[in-house]
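As structure tokens, the structure follows; a few thoughts come after it.
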Amino acid sequence: MRYGDTVRKTVQAMLEKGMVDEVLAFVRGVDERDVVPAFITDAAEAEKITVASYQPYSLASILADYGDKGKKIGLVVRSCDARGVIELAKRNQVNRDDIYLIGIECYGTVNPANAKEGEIYIFHDAMEVGGKKEALDESLLSANCRRCEYPVPGMADISCAIDGDGAIANTPKGEEMLAAANLKSQGSTVDASAMKERAARWQDKDFPNLGTDRQERLDYWLRQFDKCIKCYGCRNVCPLCYCKDCALDADRVWVERGRMPPPRLFHLTRLMHIADSCLNCGQCEAVCPMEIPLTRLYHQLHNELRSIFDYESGINIDDALPLGTFTEEEMKAGGVELG
Amino acid sequence: MESEIQVPATTEGKVGAVMIVGAGVSGIQAALDLANSGFKVYLVDKDPAIGGRMAQLDKTFPTNDCSMCILSPKFIECARNLNISILAYHEVRKVEGEAGNFKVTLLKKPRYVEEDLCVGCGTCAEYCPEKMLDPYNEGLSVIKCIRVPFPQAVPAVSVVDPEVCLFIRKRECKICVPVCPNKAINLYQQEEEVEVEVGAVILALGYQPFDPRLQPEYGYGRMSNVVTGLEFERILSASGPFRGEVKRPSDKKTPKRIAWIQCVGSRDTTVGNGYCSAVCCMYAMKHVILAKEHDPELEATIFHNDVRAYGKGFERYYQRAQDLPGVRFIWSKVSVVREIPQTKNVVIRYGVNGTETREEEFDLVVLSVGLTSPPSTRELAEKLSIDVNSYGFCHSDDFSPIETSRSGVYVCGVFRAPMDIPDSVTMASGAASLSAQLLSEKRGTLTAEKEYPPERDVTGEIPRIGVFVCRCGTNIARVIDVPRLVTYAKGLDGVVHAEENIFSCSIDSVKHIVETIAEKGLNRVVVAACTPRTHEPVFQETLREAGLNPYLFEMANIREQCSWVHMRDRIAANTKAQDLVRMAVTKAKLLKPLPQLPVRINHAALVIGGGVAGMESALSLAEQGFEVHLVEKADQLGGIARRIHYIMNGGDVQGYLANLVSRVHENPLIHVYTEADILDASGYVGDFLTKIAAGADKAVTEIAHGVVIIATGAEEFKPNEYLYGQDLRVLTLLELEGEIANGNANITSAQSAVFIHCVGSRDEERPYCSRVCCTQSITNALKLKELNPEMDIYLLYRDMRTYGFREDYYREAADKGVKFVRYDVDDKPQVEAVDEGGKSILRVSVPDPVLGQRLLLDADFIALAAATVAPQGNKELSQLYKVPLNEDGFFLEAHMKLRPVDFSTDGVFMCGLAHNPKSIDESIAQAQAAASRAVTILSKEAIPAGGIIAFINKDACSGCKLCIQVCPYNVISFDEQEGVAVVSELECKGCGNCAAICPSGACSMGGFEDAQILAQIEALV
Amino acid sequence: MTTAAFRPKILAFLCNWCSYAGADLAGVSRIQYPSTIRVIRTMCSCRVNPQFVTKALLMGVDGVLVLGCHPGECHYIEGNMYTRRRVIALKRMLEVLGINPDRVRLEWVSASEGTRFADTVESFTATIRQLGPNPLRGG
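Chains as they are written, first to last, in my numbering: chain A, 439 to 777; chain B, 5 to 1025; chain C, 1323 to 1461.
The structure is reproduced here in structure tokens:
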């Protein structure tokens, strides 16, 4: 039994039965520390799918950019990608009806740069490196993953355990998918409270305490921004940056061309554009050649906005973007704050 | 000039032209309404320039808007309107013919200047050696005998005073003739007769301020520091004799103690003026507030006989004046005792507490002189066979307040009765409506469309910006160093021309701007002046005349938002002015032409409210040939008028109402819906859709219409004091009228009655005056006296607000023995039911300020003059049609002075009690006004839209639909084929929400593009 | 820079129908208020992209006022409802970033509230004076 058998089995069945035209998933790359995204159309290829704990791209992003419109597509996703698909669907960039989300539980991923020899799998209280189980070293995990509150992809059509054949159908579509693979929907073994505790602990650690030391915070972020070489990596990998014509491009009006480091508005525009929905997927930070801890900034602001607007991104496709809606009660409230 | 006055070939029947006699604010309003709804207009004035009295005012109450600033755009509108011929300096000789076809003979007075040659440059005045007292400044300054009457004058043409001119008097001097660059001066000019054929005539003759020399006891003319209200108005004005510094005539020093004496020449039968002039209390308060702004240390004292702050927003204005430190309102008659020879100060004697008298010295005394109808007006009325009342004002019936005794001749403004500007403007629109009703089949027969030169395509041109900095007389120049600002503007990138103007909006400046655009090849224009909210349209029009798209224009507001608000910090104000100009220029560089698209007009109207106002406006529209949907929430028409039985002139309200209701029902163009609720409304000017449920079965109907008139009326307040609701003998005025009309003997045979005023009005909860109750109390008191002359009637009042000719009834009531007791709001009357000799009596106690003790009055019944309150439903309507309410729940007009029945939302109008409490005649006039304003839209096939609307760049649109989600009007749709959002250009209202949420900037807002706003921000730092 | 010498530079976004009219009314009424503000007029407060405000702060403007119609009175029905959420989000962003969110203020000012407009400028200027120059000034 390999890790991720449930996933592979499902994908294979779905392709065989023609439920989907293709499946986007990570397959093994050049070595054990490498995974690459691939569209799989042949059921036999499902074998190549890996659930090793690397996440070097956002599959949601790849789906939006390369997925064939009108085709039924399956996606093997962690929570962050599942949520990304839902956010993109809200923005009319993908059609949720055509997408089958095959979720895998995820307790964190490792930046390949930090990876050790051999494949790595992360579990909620342990890890396996090169086939050897050991105690979980949290410092190995990507920073965003340590803060993640969504180990189980409950927003995907099904969520599969990495280990064993545990799988849960979260939607009617998910039930069809499990049925196709002859799998039974059964509960997860994840200790959600432990994961929440870990997320809270790391968020506390990573997020500066607001309301104090503003100057220090500002100095820090300005220093970070000023490292920028405007490679647009963060924008390019961000699953929420869907614009086909980006306002931050050099021929547009927002960011003066030819300045280095770019005007700070570059970063603050991105921050405001995505903060209401940031998925904490970590791609922007991972890709940044200058190691600007962007995800930390976006994630912190997102958490703030999440509580103000009572909006959880990437969960329910019917929840309108908080900055593109208001409530009837607000119409009656006279003040400049909510509530 | 001859050629301009085209005598139309005699057509069969009526003539589609109207003559308006008197070009003050009301004449101007009537002219614009008519010219904009398909009629040729001749606007005649005896003075050499239009504008009337309002042009002389400094500010206007209760908003303190600068009078000239709001009026002068109207001058320009008139001057530019192809369908208005301005016949200034003309007098009416005779009017022959009948309604629909009049021949008017005018006398064209010699200006001694050829109107078509003179450009008003003023060179002649520079050379002219003869000075005269300046009539525009009420003789407080001097001016040359040849001059343009005032800076903003329209026509901007010089005029010679023949009684002063040396040549005309003695054949001595002709210096002006050769110096005139245009050879425009002709000192041999003679008067000539001009004949004009029109279908209707509107008399907007205005007034003459009372001449206080007729009451020598006030010292006017003998004491140099006694001035009239109008003179003080000029003293306050920035364009006045002292350039806006408050000085007194004798020594040009700043007065520290000023007294205002009210009712000079008003409410005074000894000078033949028994009426109240209706505006003096308010203008005196305005004087106080403005003078205190000039000098916060000023001590201001107003001697009055009741403060009549009865109009919309007036009571709050009164409060504001009262709350200023150093301001006293003293209720007392006064006499001017003497002038102190050394100081020229004036001593006034007045009464205190009714018994003792006191003398006090003032530096300046302002006589709040009334409005009179001068002999010349009476003579003209006689020539035209128009009946006037005993005071020389036009006679008209309460139920047809705008009609004179001669058919086809209408009246508006103060010639009808003393009234303020909004009432005059309202009546003017009403007069336009009646004229249009008379001539509706001739609409469009004599009018021409304005044609603009083709728009020059400026795409690809390098910005060539012209900056015009307005001095606004001294309004701007007093604080801002205008020449320096011009120099500064010249140095800005993209600016190829900059200059200053005394008034950038004056007709000659505007003409000059058009010429400059051509001469300098300008493709963008910036005007640094006042607020774009009033003046942007004027200058946009200027650009069109110069062949530029009107949106290649930007304004810098250096007056309302700079010179007027930073008067005490010139350096900062100048820096700010530079910043504002720089921001405007920077934006201007990026401006793009915006296309305009015509919106087709649906010619039906929706009138909401089937009371007097709603019905009158519906009829007015129907009689002009427009279909009307009249919606009433009750099960029958009539509104609150169904409860009114008596009005001051003895008119038969119920008879009138019954007739009105049947006229409405009989009119085939009016569809009446009773028991109707408005469920939903959508659309915009020209194309509204309103869904109603009407009738007992609540059948749902969708009504398509081009305009809306809101006439939802008002209600009588249910009092919560004076035993109302506990004792049946305590009634409201409307209840009392009902009882009198029903012949209730308990009322009509009562021995004594007490009326209590201001119940629910003028208090903390409703700090406004309900306007009608004083008059209505007196009307009822008189009715009771007529039925039962022995009845003891007491009126307990705070200020008796019987404005205008209502004062006559106040006097009559006093003459007939009605007792008036003034009470103070802090010590209100007390009412109790007491048993005496087995009989229950209503006992009212009220402090008597004259006797200084409490007066006990036993009453058989008590009538409460309850407030008029706005209905709750207004709130919902205000949201449905996107129009605002004021603090008191009444609808709020677009402009308190000059747009009294319009909303700022196009195509929505109001009339009647929905606007504010008012009497029936006022409601009727306003209803006709609303119809007139509505017809300026309904009479057109299409009106231009577009301009500031959203635009989506298809190539950049990612199809995320966020714009669709946030559009408040749901006017963005999704093109599935192309996968992009598409804006409905006709429906977009230009809020910019879509542009703000579009992350890629594919959606942009015309005139407010990202790049333009970012440029403004960059320019600021 | 000492507080005394500090002349705050404030940008104000005013909607055409309410707050700009309110500012005009303050002018017509000659209500004197600090000369610290520079106004950009938009048709509705909802036109104000939060990035405009951010841009201004990054340019060194010391404070930004966004004024709109009172809730329920928006000329565009509900534009101001979006403005409210956007400004709240923006202020939160500033806090996270380390810029005092008090440098941005949203207020409702109607066309009849000339005094309220002047008072708003007065009190906001006082706030900005207290906060001192924008730390991003000149940076």
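Ideal Cβ positions, reconstructed from N, Cα and C, are used throughout, including at glycine.
**Prompt:** Residues in the region 1355 to 1366 of chain C with C-beta within 9 angstroms of chain B's C-beta atoms, listed in sequence order?
**Reply:** 1355, 1356, 1357, 1358, 1359, 1360, 1361, 1362, 1363, 1364, 1365 and 1366
**Message:** Assuming contact is defined by CB atoms lying nearer than 8 angstroms, are residue 294 of chain B and residue 240 of chain B in contact in what I supplied?
**Reply:** Reading the second sequence from its first residue, position 290 is the one you call residue 294 of chain B. Reading the second sequence from its first residue, position 236 is the one you call residue 240 of chain B. Cβ distance < 8 angstroms, so residue 294 of chain B and residue 240 of chain B count as in contact.
**Prompt:** In chain order, what residues of the same chain have a beta carbon less than 8 angstroms from the beta carbon of residue 744 of chain A, not counting five sequence neighbours either side?
**Reply:** Numbered from its first residue, the first sequence carries residue 744 of chain A at position 306. For residue 744 of chain A, where only same-chain residues beyond five positions count, the Cβ hits under 8 angstroms are 750 and 751.
**Prompt:** So is residue 697 of chain A buried or exposed if we call it buried at 16+ other beta carbons inside 10 Å?
**Reply:** To locate residue 697 of chain A, count along the first sequence from 1; it is residue 259. Its Cβ having fewer than 16 others within 10 Å, residue 697 of chain A is exposed.
**Prompt:** In three-state terms, what does DSSP make of residue 571 of chain A?
**Reply:** By 1-based counting over the first sequence, the position of residue 571 of chain A is 133. Strand, per DSSP.
**Identity of the residues DSSP links to residue 848 of chain B by a beta bridge** = Here the question's residue 848 of chain B lines up with position 844 in the second sequence. For residue 848 of chain B, which the question treats as bridged, DSSP gives the partners B:835 and B:861.
**Prompt:** For residue 193 of chain B, which residues of its own chain have a beta-carbon under 6 angstroms away from its beta-carbon, when the five flanking residues on both sides are left out?
**Reply:** The residue given as residue 193 of chain B occupies position 189 in the second sequence. Excluding positions up to five away in sequence, the list reads 114 and 116.
**Asked** What's the call for residue 669 of chain A, buried or exposed, on a 16-neighbour Cβ count within 10 Å?
**Response** Position 231 of the first sequence, counted from the first residue, corresponds to residue 669 of chain A. Residue 669 of chain A comes out exposed.
**Item:** Helix, strand or coil at residue 277 of chain B according to DSSP, with G and I counted as helix
**Value:** The residue labelled residue 277 of chain B in the question sits at position 273 within the second sequence. In this structure, DSSP gives residue 277 of chain B an extended state, which the three-state scheme calls strand.
**Message:** Need the endpoints of the beta strand (DSSP E) that residue 264 of chain B sits in, please.
**Reply:** Here residue 264 of chain B refers to the residue found at position 260 when the second sequence is read from its first residue. Note, residue 264 of chain B: beta strand (DSSP E), 261 to 268.
**Message:** For residue 363 of chain B and residue 390 of chain B, what's the separation of their Cα atoms in angstroms?
**Reply:** One-based indexing of the second sequence puts residue 363 of chain B at position 359. One-based indexing of the second sequence puts residue 390 of chain B at position 386. In this structure, the CA atom of residue 363 of chain B is about 47 angstroms from the CA atom of residue 390 of chain B.
**Given 8 angstroms, three or more beta-carbon pairs between the region 924 to 935 of chain B and the region 435 to 453 of chain B** = By the Cβ criterion, the region 924 to 935 of chain B is in contact with the region 435 to 453 of chain B, since at least three pairs of Cβ atoms, one from each stretch, lie closer than 8 angstroms.
**Supposed close pair residue 679 of chain A, residue 712 of chain A - CB separation, criterion 8 angstroms** = In the first sequence, the residue the question calls residue 679 of chain A occupies position 241. In the first sequence, the residue the question calls residue 712 of chain A occupies position 274. That belief holds up - the Cβ atoms of residue 679 of chain A and residue 712 of chain A are roughly 7 angstroms apart, short of 8 angstroms.
**Asked** Is the region 585 to 601 of chain B touching the region 945 to 952 of chain B, taking contact as three or more C-beta pairs under 8 angstroms?
**Response** yes
**Request:** Just grab the DSSP bridge partners of residue 646 of chain B for me.
**Result:** Numbered from 1 along the second sequence, position 642 holds the residue referred to as residue 646 of chain B. According to DSSP, residue pairing for residue 646 of chain B in a beta bridge does not occur.
**Prompt:** Are the beta-carbon atoms belonging to residue 200 of chain B and residue 46 of chain B less than 8 angstroms from one another?
**Reply:** To locate residue 200 of chain B, count along the second sequence from 1; it is residue 196. To locate residue 46 of chain B, count along the second sequence from 1; it is residue 42. Against a cut-off of 8 angstroms, the Cβ pair of residue 46 of chain B and residue 200 of chain B comes out as a contact.
**Asked** Which one of B:1018, B:1024 and B:266 has the shortest CA to CA distance from residue 690 of chain A?
**Response** The sequence position of residue 690 of chain A within the first sequence is 252, counting from 1. Checking every option, the nearest Cα to that of residue 690 of chain A belongs to B:1018.
**Request:** Name the residue from B:680, B:395 and B:105 whose alpha carbon lies nearest to the alpha carbon of residue 446 of chain B.
**Result:** For the purposes of this step, residue 446 of chain B is taken as residue 442 along the second sequence, with counting starting at 1. Measuring from the Cα of residue 446 of chain B, the nearest candidate turns out to be B:105.
**Prompt:** Quick one, are the C-beta atoms of residue 797 of chain B and residue 823 of chain B less than 8 angstroms apart?
**Reply:** The sequence position of residue 797 of chain B within the second sequence is 793, counting from 1. The sequence position of residue 823 of chain B within the second sequence is 819, counting from 1. Yes, these two residues count as a Cβ contact at 8 angstroms.
**Asked** Which residues of chain C have a Cβ atom closer than 8 angstroms to the Cβ of residue 540 of chain B, listed in chain order?
**Response** By one-based count along the second sequence, residue 540 of chain B stands at place 536. Correct list: empty, because the minimum Cβ distance to chain C is about 10 angstroms.
**Request:** Throw me the rounded Cβ distance for the residue 655 of chain A and residue 646 of chain A pair, which I believe falls under 8 angstroms.
**Result:** Taking the first sequence and counting its residues from 1, one reaches residue 655 of chain A at position 217. Taking the first sequence and counting its residues from 1, one reaches residue 646 of chain A at position 208. Right, their Cβ atoms sit about 5 angstroms apart.
**Asked** Which residues, in chain order, does the region 1400 to 1424 of chain C contribute to contact with chain A at a C-beta distance below 8 angstroms?
**Response** 1400, 1403, 1404, 1406, 1407, 1408, 1409, 1410, 1411, 1412, 1414, 1415, 1417, 1418, 1419, 1420, 1421 and 1422
**Asked** Which first and last residues belong to the beta strand (DSSP E) in which residue 21 of chain B is found?
**Response** Within the second sequence, the letter at position 17 stands for residue 21 of chain B. Residues 21 to 25.
**Request:** List the residues that DSSP assigns as beta-bridge partners of residue 475 of chain A.
**Result:** As a position in the first sequence, residue 475 of chain A is number 37, starting the count at 1. According to DSSP, which records beta bridges pairwise, residue 475 of chain A is partnered with A:464.
**Asked** Does DSSP put residue 14 of chain B in a helix, in a strand, or in coil?
**Response** Locating residue 14 of chain B in the second sequence gives position 10, counting from the first residue. With a pLDDT of 46 at residue 14 of chain B, under the threshold of 50, the modelled position of this residue cannot be trusted; read the value that follows with caution. In this structure, residue 14 of chain B counts as coil in the three-state DSSP scheme.
**Prompt:** Using the rule of at least 16 other Cβ atoms within 10 Å of the residue's Cβ for burial, across every protein chain shown, is residue 555 of chain B buried or exposed?
**Reply:** By one-based count along the second sequence, residue 555 of chain B stands at place 551. Per the 10 Å Cβ criterion, buried.
**Item:** Amino acids of chain C, ordered along the chain, whose beta-carbon sits closer than 7 angstroms to that of residue 746 of chain A
**Value:** Residue numbering aside, residue 746 of chain A sits at position 308 when the first sequence is read from its first letter. What residue 746 of chain A touches in chain C: 1410 and 1414.
**Asked** How would you call residue 119 of chain B, buried or exposed, if buried means at least 16 neighbouring beta carbons within 10 angstroms?
**Response** One-based indexing of the second sequence puts residue 119 of chain B at position 115. Residue 119 of chain B should be labelled buried.
**Message:** Using only the alpha-carbon positions, how far apart do residue 579 of chain A and residue 517 of chain A sit?
**Reply:** Reading the first sequence from its first residue, position 141 is the one you call residue 579 of chain A. Reading the first sequence from its first residue, position 79 is the one you call residue 517 of chain A. Residue 579 of chain A and residue 517 of chain A: Cα-Cα distance of roughly 16 angstroms.
**Request:** Can you say whether residue 14 of chain B is buried or exposed, counting buried as having 16 or more other CB atoms within 10 angstroms of its CB?
**Result:** Position 10 of the second sequence holds residue 14 of chain B. For residue 14 of chain B, the pLDDT reaches just 46, beneath the cut-off of 50, and the residue's location in the model is therefore unreliable, although a value from the coordinates is still provided. Within a 10 Å sphere around the beta-carbon of residue 14 of chain B sit fewer than 16 other beta-carbons, which makes this residue exposed.
**Against chain B: residues of the region 679 to 699 of chain A by CB proximity under 8 angstroms** = 680, 681, 682, 683, 684, 685, 690, 691 and 692
**Item:** Positions along the region 929 to 958 of chain B whose CB lies within less than 9 angstroms of some CB in chain C
**Value:** 952
**Prompt:** Are there 16 or more other CB atoms within 10 angstroms of the CB of residue 468 of chain A, so buried, or fewer, so exposed?
**Reply:** As a first step, residue 468 of chain A is located in the first sequence; it is residue number 30 there, counting from the start. Per the 10 Å Cβ criterion, exposed.
**Where residue 692 of chain A sits in the DSSP three-state scheme** = Taking the first sequence and counting its residues from 1, the one referred to as residue 692 of chain A is at position 254. Coil, per DSSP.
**Request:** Starting from the Cα of residue 163 of chain B, find the closest Cα among B:186, B:394 and B:190 and give me that residue.
**Result:** Sequence index remark: in the second sequence, residue 163 of chain B carries index 159 (1-based). It is B:190 whose Cα lies nearest to the Cα of residue 163 of chain B.
**Prompt:** How long is the line joining the alpha carbons of residue 807 of chain B and residue 922 of chain B, rounded to whole angstroms?
**Reply:** Against the second sequence, residue 807 of chain B aligns to sequence position 803. Against the second sequence, residue 922 of chain B aligns to sequence position 918. In a straight line, the C-alpha of residue 807 of chain B is about 12 angstroms away from that of residue 922 of chain B.
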